[in-house]
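Chains as they are written, first to last, in this note's numbering: chain A, 1 to 488; chain B, 1 to 225; chain C, 1 to 684; chain D, 1 to 314.
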Amino acid sequence: MNFVAATLVLPLAGVIILAFIGHRQSAKTVNLIISAATFVTALLLAIEVFRQGPILSVNKLFYIDGFNVYLILLNAFVGMTTAIFSGPYMEHEVAIGRVDDPRMRLYYSMYQGFLFTMLMALSTNNLGILWVSVEGATLATVLLVSLYRTHESIEAGWKYFIICGVGISQALFGTILVYFAAVKIIPGSEEGLLWTVLQQHAVRMDGGVMALAFVFLLVGYGTKVGLVPLHNWLPDAHSEGPTPMSAILSGLLLNIALYAVVRFKMLVDPALGDHLAGNLMMGFGMLSFSVAGLLLHRQYDVKRMFSYSSIEHMGLMTFAFGIGGPMATFGALLHMIVHSLTKSAIFITVGHATHLAGTQKMSEIRGLIRTQPFVGWGLLIGTCAIAGFPPFGVFTSEFLLFTATIKSYPWLAPPLVLGLSVAFAGLFRNLQPMVFGEPPAGQKPVVANMWPVFIHLALVLWLGISIPTVLAQWLNQATVMLVGKGVL
Amino acid sequence: MLIATLSLPEQVVLTLAALILLSSFLLLAQVRLDSLINIFALQGLLIFFATVLMAFIAGKYHLLISAALTLFLKVYFIPGQLRKLVIRLDIRREVEVIGNPMLIMLFAAALVLFSYYVALPIRELSLLSTRNTIAISLAVVLIGMLMVISRRKAVAQVVGFMSMENGLFFAAVVSTYGMPMVVELGIAFDVLVAAILFGVFFFHIRTEIGSLDTDRLNHLTEVEK
Amino acid sequence: MAWAGGLRQNFPVNDEMAILIAESAVLTALLSAILPLFFLNRPHLQSLVAFFLLGGSGLAAAWGGGMALLLQTTGQVVLPIGLPWLHVSLCLDPLAGFFLFIVGFITFTVACYGSGYIREYIGGQLSIGTLTLFTGLFACGMFLVLLAADAFSFMLAWELMSLASYFLVVFQHHQPENRHAAFIYLLMAVVGGAFLFLAYGVLAGFSDGFSFAAMKAADLSPTWATIAFTFAFLGFGLKAGIVPLHVWLPLAHPVAPSHISAMMSGVMLKVAVYGFIRFVYDLLGNIIWQWGVVVLLVGSASAVLGVLYALMQHDLKRLLAYHSVENIGIIYIGLGLSMIFHATHHLEIAALALIAALYHCLNHAIFKSLLFLGAGAILQQSRQHDMETMGGLIKKMPVTATCFLIGCISISGLPPFNGFVSEWLIFQAALQGPILKSGILGAMIPVAAAMLALTGALAAACFVKVYGIVFLGRPRSAEISEAQDPSFGMRLSQMILAVCCLGFGIFPTWVVRAINGIPESLMGTGLSSVTDNGWLWLTPVSPQTASYGAPAVFFGILVSWLIVFVFLHPLRRDNRIRLGPAWDCGFGPLNSRMQYTATAFAMPLRRIFSFIWLIVEKVEPAGPGEAPRYLLKIDDRVWLMFYVPIGKIMLKLAERASRIQGGNLRVYLSYSFFTLLFLLWVIV
Amino acid sequence: MTGLFWAIAKTLIVVLAAPLMVGWVKWLKCRLQNRKGPPPWQPYRDLLRLSRKHVVLAETASPIFRMAPYIVFSVTILAVSTVPVITVQLPVAALADVIALVGFLALGRFFLSLAGMDVGTAFGGMGSSREVTISSLAEPALLMAFFTLAMNVSSTNLSTVISVLGQRDITLYPSLIFSSMGLVLVAIAETGRIPIDNPATHLELTMIHEAMILEYSGRHLALMEWAAMLKLTLYSLLIVNLIVPWGVALTLVTGDLVFAALIVTGKLLLWGALLAVSETIQAKMRLFRAPQFLGLAFILSLLGMMSHIILEVQ
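In structure tokens form, the structure reads like this:
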């Protein structure tokens, strides 16, 4: 149990320590050490959960089950690898004078803060705290998005702040409604927001209110997930913030928001007894998926493009959760992992690429493979993975998702695969010129640490070739919780 | 049910609710920033009174803490900060043109009706005397949002945002006697941080584009100009 | 079948053996991909190791496949990878065995060829490691597609094949047109994969699970079966390159390194055909005759259009690529016939047509690879791929010229080589049309036969052009006159293939007997009478109906040649042959620019069939002191008819969609605001 | 065994008689044009003379150029050997059916056209180009015509076809009429007669076959010419024996054979006469009208097949 506390305390301590250290050589090391420690504790926590099943803390404040344990692990892991990457990356940024010392202080401190809020959101059992932490995640990152203090970055930061703020407060209203529905049937209003408690009484909760609540929650957290048409902050924030931020925003934050939505779906479905929540999610998913796929064709900024690909994939997952049914859900849960691993790897590579090209404009990045093979290949393979080519994991999850779609909604399958092809075309028409061809003059290699990328891609490859039993069981457990029956 | 059947404090609460709604309308209509902030503070004050009353009506004294928080944040701290900013940035008298004010008012009124219509199922469910106020709070939230949408000045948008928070808080109070304490604290903390961050942003925006007109933050777009 | 039974007694094996060999082939291919990466800085060693292992895996695959085919065994293994509840399972039956044999054999010859061919890349900017890595993966993917026994592993292998070949196409990525070609290729591969997803999805929807066994068991309503068929037809057709889905093919095949072109054109298309056969005959089962009609028509169209487009090409490899379209068309004609007869319960004839199609798969794999390897040799020697710069190569590179000639004769479907046999069989099947009760079918099949006849004739014309322009006459450029025969390995592989062209043409009965197992396993009926009259006579239906004695024909040609030679001898006073200049009509000496060019050669046909292409032809009048210039641009109508509009529509949609990201914060907020209101209004 | 003997004998006879056929047509044509032409046996003299001459080879010629005449000639012989002339009892016929026959001719043409391009003169290329153009249109038509016959008697085996047709009592088959018309047109085109080609001219604008063999001399030329004559005879035989199948011996009884031989000769002479007449009364057409001519042939054959399917089956 104490591992949960540890996973939370470590980054929280990190916030303070790093705030004190400020920008020194040691800062990045400390940052890395703390992230690594967090990962280790998360690992121990996972082992514990694997040993003795779901854990509910004594004060019922934390609850770790199959659904969130692997997300916690994922968070800690990606947090660590991104910390590895962000060290040299930020050094370079300082070197070229884009950021100064106080902002580096802010950066490192908030990096940990962000990890803290996300781990909090995952491990908490209290839906109110969940909201607080997700909002906290916004607050922690908003200054990082505007870290460069350029017109664009400030614009991006402001939009991010307002849109997510407004959105999230709708989620709060939803939460209040859930609480309202809960206190009617649950004695002891203090417990009315505990997920474990709510889950037991979900069936008895009032349908009308829950439906109402779910709309608010979906719009609210959906803003954070980046569902069209609530997504507008996402490309801006990704393209203007420092790349490590983009990596964890895409890789983790979106997952957390989706996690929140799904948690609530678990409560709403039994309360309503119909498929309303699912239908709403399918609608949003389909819309996001197709719009993002189309928009990929009009990109000029590399990070922007990949953020749209994130929207596309979040749409895919939302759609899958909406379908329900064991296979689709299993696929979606798997997709959460492989997407965040792949996407963060891609952003890390993109970070190096933008450094060696000195710009984010795709029209000026050329011949990466010639200039720095590892970066070029990393980007290429990462994109192949995200585009759903085997033997990478994305292929597996998408395969499950499609077959599930054809099983339950055959007429939705053609637009789905069509959208996938469109999105693919959008990605590759921009990617191919960047990695191949002759490099422009003056494009020279940079100090790049590609290990995080290789590790991520290796993991994705592993998941594509075979899914380890532990993970399969966790996913299956989550699937059972979601739709009543599993795939195994 | 007739309002006459309620006890006096309850009647007061309902009246306060009406006043809060009115304050939202005033916020929406007000064009001068400094008076905007004053009205916002007033709204906070109204909510504070309502909370205190609810605490005594229901005997839920932890509500008093939240009430205190409200008093500090929504009446003292945030308006104070905003005033300071407005003075420092010298935009007190800055009058901002909002699209067709009449139209927006009508739309807001429609929103009130709509939220009443939406809140009906809840109303049926609730046993609290103050259940109708949920519709009010929802209306306050929506109007706050409308305000963020219809205003171009960053400060006005922040005020709108905060009045949404007010609406949420009010909803929590009147529908469920407030959230669990830990959540209340968390929310309050978030609001606090948000307020500070807003202050930071004002300066950045101001230094970057020379004014707080957020419509000029439009560089990031897919539509080539 | 009795014969196979006999074989079994001679070689007692257990069913698992073949597939174990096949598995080892897959693993070796994987090794050939990965192992070379360990000595990146020693390219020679790298290519040596890679191609040695590749050749080994090819041989193993051919061995295992041939074993499964000849001994009629069916083996199955399950690998401990894949989905937790569905492990990757492999199965090797005669059908898979046949194609595995083709793939393996061609891979082997390519491996012999490759190490010599890629020598030119060593020391260049392109890394050998990339090439060998993806070549290995490519082969591995193809093997796995053939072995896959469930939809998941099939799709996995399929996409792996596409992806690996993409990297091979884009290998020489410094040229923009290569990048463009590769992009189109991968995009269309993805679309094809999507169709396959749908096709298998439909089957999976009706059966419990993804395994082929379960899918066979599923019974679909004709409507759903037709839907599944349509998706499969499109999906596999995209990869096989049937018209109008062929546009990637003439782009992608020429730009890949030549040995890869040989693999893609010679083998990968066959893998697509395999998938189609597997899906239609094995998984869907009860065939509807309308499907057959569609396949027949599309096949005919592909055949004729393919060869017509080929006629207009001057880039040697692109010309060959278009001929792949043509040959795939021929194969599809055979399949279409087979499906029609199958659906109308004339299983004998259906088996005949299927055998013909399979036979043509084998033949096309052989001679198309041979031709591509020859083209590669020329390319390597002279750096030229435009025919107009070639000529007279028969004197410079005799071995290549001889092999290439054999390839040309075979692909033109002339006796006594292998191309003729398969086309002959298809004709024989088509001539059984009248036994069908339905008049419309009876009328359609002859038309298909006519198209096939036209195709054959045009193909012959086209290869007269190719050989005449490339190998005969005078050299048309300086580079060409420096060319010589390539290294031993490259010559060897060509010779092997050339010998096969002749062998499979002279001893068709043995091949047919071997293939006969496939229809037996697929539709339960084989050809009883095909080889009744001994190995000498090929009598598909009955000796009275038609017979072809290939060995005798070969023998006859030799004999009559001999006779003529001998009998002319006494008529000769002395056998001196005087050399003199060619007749120049009394004007000055002839030079190479006076020869007929490829363009000129194809001109009459271009005028006759001018409605097929999009032709831009103009002559720039001579300026002061310069010769007039003749410009000719010939475009694929299909591209403009289908693909350009699609692209336009999509970009238009994207432009529309981009308006959602207008840049104004308040607009964004109103999105979320009205979304909220809308949803509330919906649910309350 | 006797069968094999007869087959070889027949082949030899046809090969030897081929020049006579050509000579006969030439002679008759001259007569019709009120000229005193060379005697019918003139072709023999030409062949003999040519085969005595030295071969003068262009320097640029490759082995293909020297192989071609032998291949062309031997392949044509092979083709002839599969065609029943006076009897259908032909063991050799089993070795190749009509499709193979067409294949042989195509193989010969393949090498002929290659030889044309080998030396690298403008003439040769032009000739080959035209040759392949014409043949790529003629060949399908020919096959279609054969297919119609084949479907009629459900066999592609020439002896079977002829024997079946010969034994039938006379019925009017629309399909046969169409296809035989197609066959005739194709035969004219393939054997390079007027109106497609003019064997008697060396005017470069018009010639096809002559352009290809322009560089040949001596015995090579002789073989090429002979092969051409053989081809003409072959087509004539096909026409007379398929369209008018009666008289071909069904057994190997000597009497029948003699009788059949007479009949076939008569039919051939008649056909030659027809050919001469037609060539006298019409002129050669422009090269680019040839497609229409052959298109007509193709359509006729196709119509023949269609009408067989539609009118005659069941």
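Here a beta-carbon is modelled for each residue, glycine too, at the ideal position from N, C-alpha and C.
What you are looking at is a predicted structure, and each value in this text was computed from that prediction instead of being measured.
Query - Integer-rounded CB distance, given that A:T371 should sit under 8 Å from A:P445 - result: Indeed they touch by this definition, with Cβ atoms about 6 Å apart.
**Report entry** Element boundaries [beta strand (DSSP E), containing C:D635]
**Finding:** For C:D635, the uninterrupted beta strand (DSSP E) segment begins and ends at R629 to D635.
Query raised in the report: Does the segment 166-183 of chain A come within contact of the segment 144-156 of chain A, defined as at least 3 CB pairs closer than 8 Å?
Result: Cβ pair count under 8 Å is below three, so no.
Query raised in the report: A:F116 and A:A247: beta carbons closer than 8 Å?
Result: Against a cut-off of 8 Å, the Cβ pair of A:A247 and A:F116 comes out as no contact.
Query raised in the report: Which residue comes first and which comes last in the alpha helix (DSSP H) that contains A:Q170?
Result: H151 to I185 is the span of the alpha helix (DSSP H), which, as asked, contains A:Q170.
**Report entry** Residues that D:M305 contacts on chain C, provided the C-beta gap is smaller than 7 Å
**Finding:** Neighbours of D:M305 in chain C, taken as residues at a C-beta separation under 7 Å, are given in chain order as P446.
Query raised in the report: If you run the structure through DSSP and keep just helix, strand and coil, what is D:V85?
Result: Correct three-state label for D:V85: coil.
Query raised in the report: In three-state terms, what does DSSP make of C:L414?
Result: In the three-state scheme derived from DSSP, where H, G and I count as helix and E and B as strand, C:L414 is classed as coil.
**Report entry** Inter-residue Cα distance where the pair is A:F330 and A:N255
**Finding:** Taking C-alpha positions only, A:F330 is separated from A:N255 by approximately 15 Å.
Report task. May I ask you to verify whether the segment 329-340 of chain C touches the segment 348-358 of chain C, counting CB pairs closer than 8 Å and requiring at least 3? Result -> Between the segment 329-340 of chain C and the segment 348-358 of chain C, the count of C-beta pairs closer than 8 Å reaches three or more; the two stretches touch.
**Report entry** Start-to-end residues for the alpha helix (DSSP H) that takes in D:Q42
**Finding:** Residues Q42 to R52.
**Report entry** Range of the contiguous beta strand (DSSP E) that encloses C:R578
**Finding:** Residues I577 to G580.
Query raised in the report: Beta-carbon of D:I188 versus every beta-carbon of chain C: anything under 8 Å?
Result: Among the CB atoms of chain C, none fall inside 8 Å of the CB of D:I188.
Query raised in the report: Cβ of C:W248 less than 8 Å from any chain G Cβ?
Result: Structure shown: chain G not included; protein chains present are A, B, C and D.
**Report entry** Residue range of the beta strand (DSSP E) that includes C:P80
**Finding:** G75 to L83 is the span of the beta strand (DSSP E), which, as asked, contains C:P80.
Report task. Classify C:L669 as helix, strand or coil using the three-state DSSP reduction. Result -> In the three-state DSSP reduction, C:L669 falls in the helix class (H, G or I).
Query raised in the report: For C:E348, is the classification buried or exposed, using 16 other Cβ atoms within 10 angstroms of its Cβ as the cut-off for buried?
Result: With 16 or more other Cβ atoms within 10 Å, it is buried.
Query - Segment contact, 8 Å Cβ cut-off, at least three pairs: the segment 224-233 of chain A with the segment 298-305 of chain A - result: Contact fails: fewer than three Cβ-Cβ distances are below 8 Å.
Query raised in the report: Hey, how far is the Cα of A:G293 from the Cα of C:Q125?
Result: Rounded to whole angstroms, A:G293 to C:Q125 spans 35 Å at the Cα level.
Query raised in the report: Is it the case that the Cβ atoms of A:L463 and A:I381 are separated by a distance below 8 Å?
Result: In this structure, A:I381 does not lie closer than 8 Å to A:L463 by Cβ.
Requested in this report: Whole angstroms is fine: what's the gap from C:Y166's alpha carbon to C:G647's?
Outcome: Taking C-alpha positions only, C:Y166 is separated from C:G647 by approximately 21 Å.
Query raised in the report: Listing by chain order, which chain C residues have their CB less than 8 Å from the CB of B:D215?
Result: Ordered by position in chain C, the residues that pass the 8 Å Cβ test against B:D215 are N664, L665 and R666.
Query - Residue-level contact to chain C via CB, A:C384, 8 Å cutoff - result: The beta carbon of A:C384 falls within 8 Å of a beta carbon belonging to chain C, placing the residue at that interface.
Query - For B:D190 and A:L401, believed in contact at Cβ under 8 Å, the rounded distance - result: In this structure A:L401 is not in contact with B:D190, their Cβ atoms being roughly 35 Å apart against a cut-off of 8 Å.
Query raised in the report: Given a threshold of 16 other Cβ atoms within 10 Å of its Cβ, counted over all protein chains shown, does C:S115 qualify as buried or as exposed?
Result: Per the 10 Å Cβ criterion, buried.
Query - Any C-beta of chain C under 8 Å from that of B:M105 - result: So, not an interface residue.
Requested in this report: Count the other CB atoms, across all protein chains shown, that sit within 10 Å of the CB of C:H345; report buried if there are 16 or more and exposed otherwise.
Outcome: Exposure of C:H345 is indicated by the presence of fewer than 16 other C-beta atoms within 10 angstroms of its C-beta.
Requested in this report: Check whether the Cβ of C:V470 lies closer than 8 Å to any Cβ atom in chain D.
Outcome: Using a Cβ-Cβ cut-off of 8 Å, C:V470 does not count as an interface residue toward chain D, since no Cβ of chain D sits closer than that to its own.
Requested in this report: Tell me whether the beta-carbon of C:L568 lies closer than 8 Å to the beta-carbon of D:R219.
Outcome: In contact: C:L568 and D:R219 (Cβ atoms closer than 8 Å).
Report task. Determine, using beta carbons only, whether D:T171 comes closer than 8 Å to chain C. Result -> D:T171 does not count as touching chain C.
Query raised in the report: In whole angstroms, what is the alpha-carbon distance linking A:A202 and C:H173?
Result: Taking the straight line joining both Cα atoms gives about 59 Å.
Requested in this report: Indicate whether A:G367 and A:F436 have their beta-carbon atoms separated by less than 8 Å.
Outcome: Closer than 8 Å, so yes.
Query raised in the report: Which ranges does the beta strand (DSSP E) cover as unbroken runs of at least 3 residues, wholly within the segment 307-392 of chain A, from first to last along the chain?
Result: You should have found no qualifying run.
Query raised in the report: Applying a beta-carbon distance threshold of less than 7 Å, which residues of chain D neighbour C:S547?
Result: Per Cβ cutoff of 7 Å: A94, D97 and N157.
**Report entry** Rounded C-alpha distance that separates A:L127 from A:T175
**Finding:** Pairing A:L127 with A:T175, the inter-Cα distance amounts to about 7 Å.
Query - Contacts around D:A261, its chain only, beta-carbon distance under 7 Å, and the 5 residues preceding and following it disregarded - result: Contacts found: I86.
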